[in-house]
Every structure is written in C-alpha cells, then in structure tokens.
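Protein chains in written order, with our numbering: chain A, -13 to 787; chain B, 387 to 852. Cβ atoms here follow ideal geometry from the backbone N, Cα and C, with glycine treated the same way. None of these values were measured; they are calculated from a predicted model.
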Amino acid sequence: MFEPSPRAVTVVCRIGLVAIVALLVAFTGNLYAAEDQPTAAQIEHFEKHIRPLLHKRCYSCHSEESAVLQGGLRVDSKSHLLAGGDSGPAIVAGKPEESLLVQSIQYRGDGYDMPPDGKLPDTEIALLVDWVASGAVFPGNEVAGVAARSSIDWAEGRQFWSFQPLARQQPPQPSEHDLSNGDIDAFILAKLKEHGLSQSPSADRATLIRRLTFNLTGLPPTPEEIERFVADDSPRAYENLVDDLLASPQYGERWGRMWLDLARYADTTESWLGSTPNSHLYRDWIVRAFNEDMPYDEFVRRQLATDAIGPEEYEHLPALGFLGLSPTYFKELLLPPDIIKVLVADEWEERVDAVSRTFLGLTVACARCHDHKFDPISNEDYYALAGVFASTRMIDRPMIPADQYAPVEAAKKKVAELDEELKKLNKQKPKPEPEIKAIETEIAEIKSTTANFNSPLANAVTDESLHVILAGEDPQSGSKLDYRPEPQDLNIAIRGNPNKLGDLVPRRFITVLSPEQPRPLTQGSGRKDLADAILDEGAPLAARVIVNRIWLAHFGRGLVESPSNFGRLGDAPSHPELLEDLTARFVENGWSIKWLHREILLSHTYRQSSEYDEANYAVDPDNRWLWRMNRKRLDIEPWRDAMLVASGQLDLTIGGPSLAADSDKNFRRTIYTTVHRREVSKMLQLHDFPDPSLHSPQRMDTSTPLQGLFVLNSPFVTSRAQALADRLLRDIPSDADARVHQAYQWLFARKASDDELQLAGAYLQEVAAECGEDAPATASATAWKLYVHALLGSNELLFVD
Amino acid sequence: MTSTNPQSDALPASMLPRRSLLQTLGGGMGLLGAAPFFASEALGGTGSNVVHFAPRAKRVIHLFMNGGPFQADLFDPKPLLEKYAGQRPDGANLRTERPTGGLLPSVAKFYQRGQSGLPVSDLLPRLGEHADDICVLRSMHADNPNHGPALMQMNNGTILPTRPSMGSWFLYGLGTENENLPGYVVLCPGRPVRFAELWTSSFLPAAYQGTYVNHADLTPSKLIPYLQGDAKTPAAQRRQLDLMQRLNTMHLQQRGPDNALEARIASLETAFRMQSDASEAFDLSTETEATKEAYGKGHYANGCLLARRLVERGVRFVQVYYGNGQPWDTHSKHNDAVQNLCKDIDQPTAALLADLKQRGMLEDTLVVWGGEFGRTPTTENGDGRDHNHHGFTMWLAGGGVRGGMSYGETDEFGFRAVENKVHVHDLHATILHLLGINHEKLTFHYAGRDYRLTDVHGRVVQEILA
C-alpha cells in the first residue's frame, strides 16, 4: 500500500492516520534498532525513576494494562511513544519542547493537560522533561510490530450480507395441503418445516377485519363494516377489504406516524430558532405521500433534496422538514468558539445519525471519533457525510416563488413595524383612539391587499455552511455563527473533538457502499447527490431497510430484528431469502409501499390465527418462525383513537396544526396531538411514545403501573366512559343486554358471550343497588359509565389478535 | 389493599405463572434480574457481564442546588480572596460564560467541625454538626459553563439532552424495591431549567424515566399523574377493577399463556395499590411534630423529609431540586443571596442526615449534594459571581463513603480544580460503584453501540470509599 519512504513518514506523523500507523511503527522500529545502545547508567536511571513514574502516573490509561486505552496512546514502550496516539507522536527524542507528552504534563491549559486528575509535582515533571531531552532511553518492552488498530479491509467488508446486490430468489415449492398464497408463504413454510412447526389456520373473519383495519388505518372497523365483511361470500372479499383500506384517507395517518418516529418529528421547534410554527406541513406532507403511494425512492429524495429536484414544486417543499425540523442544541454565544464548535459538531452528528439510520440502517455516527468498531465505516466516511450537513442550514422557506414572496416579505416587515407602533400607542394614557384605529386599518389593508400574505413558510433547509468564529478580536468576545453561501468540507476531528483537527475530507458517499471511487457529494451542499447515492449504489440496502420496517409494522417484529441497524451488530435476517426476494420485487414494482402491503397482507402467513398451539409453542415460544400471527398491543395512537370511536366522538379531520394532549376539546386522531420536543405530554410519555429528539427505530411495549393509573383515573378515559355510556343509553333506550352487545361491537368487534352478559348484569345490579335503584334495565347512568370504563380499560381493547 | 369482595381473587396465582419482562419493566427487578430479555435493538442489549460488587448503597438522595453554589462560601476556604480582593492575578484569569472582574471575597468564615476538623463555613452551622459524616469533593469539574448543558451533564454525563439520566441507569441496573411506587422520583417546588430532559430515560425503556412531582402542592391528586380520579370510593373502584380483571382473565384463558397480557393484568393491580401507597408516602401529616420541627418549614425542608419517606419505602433514587428555575444562580448581589440560601438549606439538610442516621439508613443511603457547577471567585457586575465549571464542590454522605474528609483541591482562589480532580464522569462512576455496579459494564445497546452513563470515561474515586 505505502512504501515506508521518508515522505510517507512525514505524512503519517502529521496526520496520524490510523490506517497507516502500523507501517509507521514498523519504520520507527528500524530507527530505534539503529540507535546506540543505552549505557548502564541510563538504564539504571530509567528503571529507578522513569519507569516507576510512568507506571504510577500514566499506565492506567496508556498501556497494555489499561482497561480502555485512552487517546489511542500507549507509553509503555519507546516505539509506542514515538508512534503516538490520535494526536500524533507523543515524544520527539531529545526535543522536549516538541514533545506532546511534555506539553501535556506541563499543563499549558490547551485542554490536553495530563494526568487529567491534577498536575504532577514539579520534581516529577522535571524528571520526565530531562529524560526526553537526553534521548528518552527506554530499554526493553519492545514489541515486534506495535499492535495498532487495523485498517478496514474494504473487499472483506463489502461481503457482508446487507451490502450485497439484490437478487430474486427461487421460492421453495409448497406441498399440496399447505395453505399458501404466494411467494411469502412459500419461504415461511420452508422455515416452519425446517423447524418442525406447522402453520396455523386462518383467523376468523371478525378477527381478520379488526386486525387489518387497525393495521392499515389505526382505527377499529365499524359494526357495519364487520357485518358486511363477515357476510361477504365473494372469493375476493378479503382482497377487496385490503384494497378499500389502502385507499382510505386514514391509511396515511397510521403509516405516516410510523415514519414520524423515524424522523424524530416534533410539533414545537426550539425557541432559539425563531422559526414559524409550521411543523405540521411536514407531517401532512408525509401523510399525503403515504396516501398517494409516492414511490419510496421519490419519498426519500424529496425529504433530502426536493429543492434541488424540483425547485418549482413548492407543494413538496415541506418534505425538507426531515432535516428542517432536526433537534438543535442551545448555543450561548457569550462562550468562546471552542465550546460552541462542540455543540455544532454534535448537531452534525445528529443529522448523520438520523439520516444514516433512517435511510440505510447504518450507524455511521459511530465513526465520529474513530473507525466504526464493527462495521466497515471509516472515520473519514463519517466526515465525508457530515460535510453535507455542515453545508446545510435549517431555515424557513416560502412555498411560493421568490419574486412572489418578495412583496409578502416587505408587507410582513411593514406589519411588524406597525404592530410595534400599535403597542406603544396602546400604552399611552389616554389612548389615542383615532391613531390606533388608523394603524389597525392600515394593517388590515396590507394583509388583505398583499397577495399570498398568509402563504405559510415551511420548516426547511437551504445550502449554506456554518462556521463558528470569534465574535470580535479578543478571545473574550464570544462566538459568532457565520453562515456562508459556499459549501464546506470538514476536517477529521480527532477523537471527535472539533478543536483538534486532522485531515480535510471531501464530501463523498460512504466507501463500503461504493463499488468504485465513492461518489462525490459536491453539488451545492451535496444533499441531492447523497439522495442519489442512497438510491443508486445504496439502493439494495435502502430497499431492504424499508421493506423490513413495513414487515415489522405488520407482524410486530422484523425479519431483521434491529430495524435501524443492518450492520454487524444488528441481527441477521430470520428469513434471508424471503427478505431478498420481497425486496427485489418491491424495487421491480416501482418502490410502491402499497404494493408491498398487499403482498404481505394477502399472504396466508399474515392471515393466520394468533391462537396458542402447544406443540408449536414448545418448539418456538417466541414465534420467530411465524407459526401463528403475533398478538399485538396497540400503540397509544390507535388505542386512544379507538376509545374516541367507541364514544362516538372521533373527529376525522385530516391535517393542520396540532392540538394539546390534555385539552378536553381534543377529539382528533392522536397523530394531531401536539408533540413537544422537550416535554412530551404525560399521556404520550407514559405510553412508550418515543423521545422526539432521537430517531426511534421501533416502539417499545412496556406495562407500567403509571399506565394503569391512566386507565383508572385519567380524565381522558373517564370522559370517554361517560360519552360511551351516554351513547348507549341514547341509542338503546331499554334493553340492557342489547346495550352490552352494542358496546362489545364498538369496542371489540364482536357480540358479548353469555358469561359476559351475566357479569355485566351482576355488576350493573350491584352498582345500581348502591345507587338506590332496583334493576339493571333502569340502572343509573353512573352504573353504565363505570361498567363501560371497565371495558375501555380491558386487555381486549388494547390487544389485537 | 385487600378486599373482601370475592371477585378480588379473580387472579389465581396459577394464571400468573411467570414473572415476565413486561412486569419487570413495570417496576420490579432491574437489569440484573432480567438481562436475558434485553436482546433486540429496540429493547437494547446488554452483555451478560454486569458485575456486582457488594453494594454499599441501596438508594440515593441527590440534593440538587440548581443554579450552582459558590465553593468558597461553603466547604473550600480561600483566605487569599481577601488578600487579593479586587485584583485579578494571573491564576484567576479563567474564561467562564461572561466576563468577570477582580476577586470577590466570601462573606463566610470557616471553622473546623466535628472530630475530623473538616472546615465548614459558618453559613452552614447545623450541617457542620455532621462534618464527620460528610465527604467533601473540592475538585469537581465539568465541561460547559452554561446551565442547560451543565445540568444535562450532571444528570446524564453528556452536555446533550439525548442520553438517559443517571436515575434511569440506576433503575435499569437495579430496579426498584417497591413496585407500588415509582422507582425514581424527582421533587422540585416548581420547575428546574430544562425540566423533563433532566430525568428522561431517552433510549432506555420509558418505564425507567423519573416521575416528576412538584411538591409545592402536596394534594395527592397532583403528585403523580392520574394518581386520583373522580370521586369514586376505593371500594367502588375495587369493584370496577375486579370486573376489568375478571374480563382480562377470561380473555387470557381463551388465549393461552401470554406474557404481555399477564404483565398488564399485574400492572393494573399495582396501579390500584399505588393510589393508596403513594398518597401515604407523600403524606407528611403522619410525621411526628418533633420530626417536622427538626426539618423546619419551607419547600426545601418538605423535599428533604419527603426524600426520606420515599427512600424508606424503597424508592431507588430521589432527586430534590432546591427550587424553581435556578435559585443558586447569583449573578448579582451574591453575598446577600447566599446567606439566605444557606439559611434555607442548613437545617433541613442537617435534619435529613440526622434522621437517616437515627433510623439506621445512612449506612446504605447515599446522599449527594451539589449544583451543576460552581461559581467564580471573581466578580461579575461588581457583586455577583458567574458560572464556573473549572472547579466546584460537591459532597457525599452515607452509603459507603468516608465521612469527615475532603478530597481534591482547587487552586489558591478556588477557581480551578488542580489536585485529585474529579470529573462528573468520575462522580457517576463512583455512585454506580457504591450501588454495586461496575460503570464500565452497565451498558445498553442502542444505535449500533453500547452506551454507558460514563461514556468512555469515569474513574471510581477509590480514595473516598469507606
């Protein structure tokens, strides 16, 4: 790779590139061998004073003994000291002033003072300085070929399963008596047989429609829909139901929410951004994209760079909210640039993390401080991508052409000025009514006569690079954020520290996904190039990742169980051929998500009953091989929505600004409940709603007592119980059994059993007796309210078979 | 609470054959009892290599002086501040958030207290009586002189809001001792800056997040979300829950074994019990007059007393924020403010230590005291002090820590930690160690790597262990 020429050595010493340290070491080893042998006095001095000192003060972090080697530096042999760590060689023999080790122990206050828990006594510092000055004699301890971190073997790295090209797979041939409806079933059956498992029969119609409707729309089916489907004897009944549900406008709300978890969507942006509160434009764009079945590749491209693809397609501008609504960290500009640079670098890392995990299932951010420890992603790869985000600025953008927006901007400025004036006038005593009136009229006129005055701004991004510079000349002057129109490449930040820079890395795509030289990401910020790379050389991986996410949302677990990590520390697919084949066909079918849904939903595997089977359970209690359908717990959104449906209160309006979670007027679907980035509402927080400042690959299911309290006592559940009871009493004036049946229909998509009728009767009677009444039929509204409250809190509503 | 209603037995033990993961998340055991369940990325993975030491502390009370107290007012005497008053010698020329001027002497006088002779300021006379139980860390330092990032760091080790708080890590590692109460309670008479981000579980399961209680109002219904509902009597609610559980049991019986269904049934029962247990835990009226008098009056006093009641009932981690906003953030009139603040914390803090000791709980309860950073020895605005992350003081007591000692030193002006420095990571590592956890082994797999509270840092400060 490299000749150990003097030139190579200079390069290495300057930049300390991990990949070539080994060669450097081999070379310096030669230098050392050529040195004069140390004298006995030198050896004695070393063994008596220097080695014990290094051992006592440094070895715990910088030697073979260190549990975690700090800074990549070892000081337990001369060749290690000469090779140095992340910051370069630790000593230059004979030249203490040029030796990092000496600078560090002298505590010069540059952030690399060593040892970190306090300066050494002056005598010890003097010993070490003299030792370096006299040539740093270090007898013994030489290791042949110091064990430096190895460089990445790209050819080997590319062999990993998830980086392979996509290829159709030959589905196994099902047997005659197998329940099989296509290739998915064929692959699943093969694995079942391999493990001595058997399929479950189809679930009954009522179970199927409840499962399917929640799955596709996040809502329960209506009693009429259930009745129609159960009675439909057409062989296409199920298929028609799937198609109807895919065409429902509620479909996009259910699946859009899945995407919003990945995109770390929040309705409120940080106050210091001063942006306009239009986050919902991004949310609504996502919902619409799902409803219109926008091909997934276009869906990705638009979120990263719709402004570069179709600058005039303003209706798509909100797609940039994926980046434009990124979390940001507060920057106190009174502080010096070295502190602010760390925050800015943390933000870039956040973007690399969100983009690489969402679209590629790769944890590229792990390579910010060093090469990825497990995957073939280099430290350089990280900075090659981070440069794109360092050249991208979060900003609100008008959804109309610039020339049309110019007068709007001017008008808004004028209105703001007038508002100020108005404020002042309102403070005067007595109020100068005529003047106030005049200004109010002027404002109203500007608003009504300026075309597009109310055209919203989208939380988007634009191509500008951010540089953190000193605000003034004095180091005490604080920092300034300087945005420049030209993009920037980033230097490697050694150990992730932006105040300690290594080599410059041009913006480009990551190496392992690039068969040849990585694609440069240089047009503007490089966002469009990045999107192209993800969907071209990255396409097999990008497609596998989304197919797995959709599969996961249907079955409750992915074929790959680590949905945002398709690297070595992720899980291998349970059904690799199935994932390959389904993904290949997904791409052939134009990256259509709705095609993918149909393919999955029409399979027998999906339609299986979730019933317990002792023999299968004994072999595969986790249902890894899908011998039955997984019973799934509803997320907070469909669970809350289902209660609103049952109480007859759900407002199905689509889109627009969000509503507060705890508002008693909030009858809208839960996707429209305000998500505060820094303070998620109690209701959402208790029910495993993900932290909206982080990409969330998958919801967790926890069962906690605090959730139990929500069921028992929350105003939300109590009010739904009240409304549901009112509805029953209104719709069914007298018959108690009929009311119970109706409640079961609304909540559980079935009629009540005799046992359940009895239980209800006994309960209502007991409560009614307490209320001073005498029969269930006339039991007080209170008794019914308490009764349906128990139904709302039951497992049957929360879980879907 | 048990009921005589026959339906309350609707859950025969045979229906709950196993303790499942979800019950665990519901507040039972922590990781040490449930490691095998944490396998997938979403639930995170841990190695099976969590190492136990014999724990010295079973629970932690963190008295958080939000805003940041000044070290040389309290436990780190700096007589040179007098000598160089108004001057700005080279050693005091450090950059903090805002420009500062010359050195401003402290109003405090120091006395050697207890058998150990630990220097404690006369601003804390009562606390000084406990000098022999206190281990003062004079050489604390952190990375950022800004409240938000520093608060984040004290709570989660990084300056970012996107990491689990230490209380979440404690619960993840150890669970709680009383599943009828939240295992991690945050008390504040108001709202500390950054609010919920300070006790987030971030990517750890949501069950490990802190439960925030504004204890300025001790009405039970306002303590814990949804602790009380409308006017149902306990008996009426029990009857309603019995019906719900009867339906749940029938539902479960029709479906065969299912951990998730069972876990939810169990969690509803726990919720029911929590209503009475939590209300009882927060009810200060049951304390004796003598105890109430010992703690004194005021929000902070109530916070300390509540903390004792909670840890006594098995809550793993209680954090008491001194007050709304950042009361210790004395950018002006520092010397007036600090006298009032100290007066307010002195008696309750001392009473808490005495109370824990008298109940035999100080041995295995670790008390941590401090702010998110300290303050500058130099003056801001003439009579204020700026934030100082270069050097500040915290103290620990009980839970396996040596009392009557100070560890580490700041420079001659108390500006910067210089000897035996203790970074926030080191503090975290030490607290985990005292809880019996190796900070390098308590990991959670997320986003492609194993995260730790101490990231890649942290040193257990062995020198202060008893």
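Cutoff 7 Å: residue i Cβ touching any chain D Cβ
i: Lys668(A); result: The structure shown has no chain D; the protein chains it does contain are A and B.
Contact list for residue i against chain B, beta-carbon separation under 8 Å
i: Val54(A); result: Glu826 and Val842
i: Cys352(A); result: Ala833, Gly834 and Arg835
i: Arg664(A); result: Pro547, Arg580, Phe581, Ala582 and Glu583
i: Asp339(A); result: Ala833
Chain A contact for residue i (CB, 7 Å cutoff)
i: Leu670(B); result: no
i: Phe703(B); result: no
i: Thr642(B); result: What sits at residue 642(B) in the sequence shown is Gly, not Thr. It does: the Cβ of Gly642(B) has a partner Cβ on chain A nearer than 7 Å.
i: Arg549(B); result: no
i: Thr829(B); result: no
i: Asn710(B); result: no
i: Met660(B); result: yes
i: Ser718(B); result: no
Length of the line joining the Cα atoms of residue i and residue j
i: Asp787(A); j: Asp687(A); result: 16 Å
i: Leu9(A); j: Leu68(A); result: Here Leu9(A) scores only 33 on pLDDT, less than 50, and its place in the model is too uncertain to base an answer on.
i: Gly204(A); j: Ala539(A); result: 11 Å
i: Ser649(A); j: Phe702(A); result: 9 Å
i: Arg144(A); j: Cys521(B); result: 55 Å
i: Ser689(A); j: Ala646(B); result: 8 Å
i: Ala275(A); j: Leu303(A); result: 13 Å
i: Pro762(A); j: Gln693(A); result: A caution first: Pro762(A) carries a pLDDT of 49, below 50, which makes its placement in the model unreliable, though a value can still be read off. For Pro762(A) and Gln693(A), the distance between alpha carbons rounds to 31 Å.
i: Tyr93(A); j: Ser548(A); result: 45 Å
i: Ala424(A); j: Phe439(A); result: 20 Å
i: Leu178(A); j: Val605(A); result: 11 Å
i: Lys608(B); j: Ala657(B); result: 16 Å
i: Arg835(B); j: Leu555(A); result: 8 Å
i: Arg663(A); j: Arg549(B); result: 14 Å
i: Asp515(A); j: Val330(A); result: 23 Å
i: His31(A); j: Val115(A); result: 14 Å
i: Leu480(B); j: Asn600(B); result: 37 Å
i: His673(A); j: Pro691(A); result: 11 Å
i: Thr436(A); j: Asp382(A); result: 20 Å
i: Leu309(A); j: Thr591(A); result: 37 Å
i: Asp567(A); j: Ala172(A); result: 11 Å
Bridge partners - residue i, DSSP secondary structure assignment
i: Pro719(A); result: Pro719(A) pairs with nothing; no bridge assigned.
i: Leu782(B); result: Cys521(B) and Val754(B)
i: Met791(B); result: Cys521(B)
i: Glu110(A); result: Paired residue(s): none; Glu110(A) is not in a bridge.
i: Ala444(A); result: Arg383(A)
i: Ala471(B); result: Leu489(B)
i: Tyr681(B); result: The partner list for Tyr681(B) (beta bridge, DSSP) is empty, contrary to what the question assumes.
i: Val454(A); result: Leu467(A)
i: Asp389(A); result: DSSP output for Asp389(A) lists no bridge partner at all.
Closer than 7 Å to chain B by CB, residue i
i: Ala776(A); result: yes
i: Glu403(A); result: no
i: Thr497(A); result: no
i: Arg614(A); result: no
i: Glu782(A); result: yes
Per-residue contacts from residue i into chain B (C-beta, under 7 Å)
i: Gly104(A); result: Val804, Glu805, Asn806 and Lys807
i: Pro322(A); result: Arg481
i: Ile325(A); result: Asn530
Beta-carbon neighbours of residue i, restricted to chain A and to distances below 7 Å
i: Thr656(B); result: Pro691 and Gly694
Contact set between residue i and chain A, taken where Cβ atoms lie within less than 9 Å
i: His637(B); result: Ser780, Asn781, Glu782 and Phe785
| request: Say whether the stretch 765 to 781 of chain A touches the stretch 695 to 709 of chain A, bearing in mind that this needs 3 or more beta-carbon pairs closer than 8 Å, one atom from each stretch. | output: yes
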